[in-house]
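Only one structure is covered here, and it is reproduced in the block below.
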Amino acid sequence: MKKRIRLHQVRVGMYIEELEGGVLPLPHLGPVASPIDVDLIMNSHAISVVINTQKGVDVDSVHNEVQLDLIGYESALASKFSARQIRHAQDAIQDARRSVGNVFVEARVRGALHLDAADKAVERIMLEAMTNAGAMIAVAKLKKKDEGTFLHSLAVSALMVTFGRNLGLSEDAVRILGLGGLIHDLGKMVLPTALLRKPGKVTVEEMDLIRTHPERGYEMAKRIAGMPRRVLDICLYHHEKFDGSGYPHRLAGPAIPYVARIAAICDVYDALTSVRPYKRAWSQAEAIETMMSSTGHFDPDLMKAFVSKMVINGTIH
1 MKKRIRLHQV RVGMYIEELE GGVLPLPHLG PVASPIDVDL IMNSHAISVV
51 INTQKGVDVD SVHNEVQLDL IGYESALASK FSARQIRHAQ DAIQDARRSV
101 GNVFVEARVR GALHLDAADK AVERIMLEAM TNAGAMIAVA KLKKKDEGTF
151 LHSLAVSALM VTFGRNLGLS EDAVRILGLG GLIHDLGKMV LPTALLRKPG
201 KVTVEEMDLI RTHPERGYEM AKRIAGMPRR VLDICLYHHE KFDGSGYPHR
251 LAGPAIPYVA RIAAICDVYD ALTSVRPYKR AWSQAEAIET MMSSTGHFDP
301 DLMKAFVSKM VINGTIH
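In this text, residue positions in the sequence shown follow UniProt numbering: the first is 1, and each later residue adds one.
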């Protein structure tokens, strides 16, 4: 049976019969075999997609699979970490939520930031990351629809703290990474909530608006007395790409501050591997394969270090 669906509903396991109104870089009809196939289709600018539910999964099946994915991920946590580790990670996240929750509210309502509250949250993240980094990062991957931005920021902060330590950086430098990770998406707090929660492909105009968030966040953060320069660098430059194709200033190579190059890796890794109510998470292997093959996006030396010091050694799962 053929069925017409919207572009954002395409998932791995479907069978594509037609793409209506779009042009792919490479033609792709037939089975959707991987997240990379999904991305190709999402970027095709097709108006709609026709799937064959007899040759592949249906939209309802995908919904059920996503729910099973959420349940399965929670079960996997229990197999990888002890109940004590999970409880401590959940407590750390709750403590950080209490410390920094108002930071995001104030940022959205008043365009302001309370540095003391953010510092307190970073201290809690750093403390937990010393002994329980894997569990905290894993628990933070479970993102509900109404808290995705906050938990993403917390997860990126924890990833950056742990990566910084594994790189042998000083505790002062690690603290900078933690604070930068926590507020790297601060500029999104002044964007429309409906846009931030939109599950499907955004329009060109919406993407242009989203791409203003680094500069918006930078402008908000720099008004805070005592805000370290390197934290501002993370806010402003975490979407720059090593080959100069990023935004907002198209910096390239070593012109991108070191801390922002670390942030770029941790930001994308968490985005790809997070478990959300409306999408299946990429596996660690899928995420790393995609990131390693994204020539020009990341600092190649830092990307290799992330794989060896965070993935291969089992720090993150």
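Even glycine gets a Cβ: it sits at the ideal position worked out from N, Cα and C. Only a predicted model underlies this, so the values are computations on that prediction, with no experimental measurement involved.
message: Let me confirm a value: PRO192 is counted as buried when at least 16 other C-beta atoms fall within 10 Å, else exposed. Which label applies?
response: Per the 10 Å Cβ criterion, exposed.
task: Go ahead and pull the three-state DSSP assignment for PRO300.
output: helix
field: Buried or exposed (CB count within 10 angstroms, at least 16 for buried), LYS188
entry: Taking a 10 Å sphere around the C-beta of LYS188, we find 16 or more other C-beta atoms and assign the residue as buried.
field: Nearest-angstrom Cβ-Cβ length linking CYS235 and HIS184, presumed shorter than 8 Å
entry: 6 Å
query: Buried or exposed: which applies to LYS222, given that a residue is buried once 16 or more other Cβ atoms fall within 10 Å of its Cβ?
result: Exposed.
message: So, under 8 Å CB-CB, PHE242 and ASP299 are touching, yes? Tell me the CB distance rounded to an integer number of Å.
response: 5 Å
Residue range of the unbroken alpha helix (DSSP H) whose run includes LYS222: 213-222
task: Compute the Euclidean distance between the alpha carbons of GLY246 and ARG124, then round it to the nearest angstrom.
output: Looking at the two C-alpha atoms, the distance is approximately 32 Å.
query: On the three-pair Cβ rule with 8 Å, is the segment 285-297 touching the segment 207-223?
result: no
- prompt: Between which two residues does the alpha helix (DSSP H) containing ARG229 stretch?
  reply: 229-237
query: Three-state secondary structure (DSSP) at GLY244?
result: coil
field: Reference PHE163; option with closest CA among TYR218, LEU40 and TYR258
entry: TYR258
message: Under 8 Å, Cβ to Cβ, is there at least one residue of chain C near ASP116?
response: Protein chain content of the structure displayed is limited to a single chain, and chain C is not contained in it.
- request: Using the DSSP secondary-structure output, state which residues sit across from TYR258 in a beta bridge.
  value: Partner(s): none; TYR258 has no beta bridge.
message: For GLU205, count the other beta carbons within 10 Å of its own beta carbon; 16 or more makes it buried, fewer makes it exposed. Which is it?
response: exposed
8 Å CB neighbourhood of TYR218 in its chain, flanking five on each side removed: GLY187, LEU232, CYS235 and LEU236
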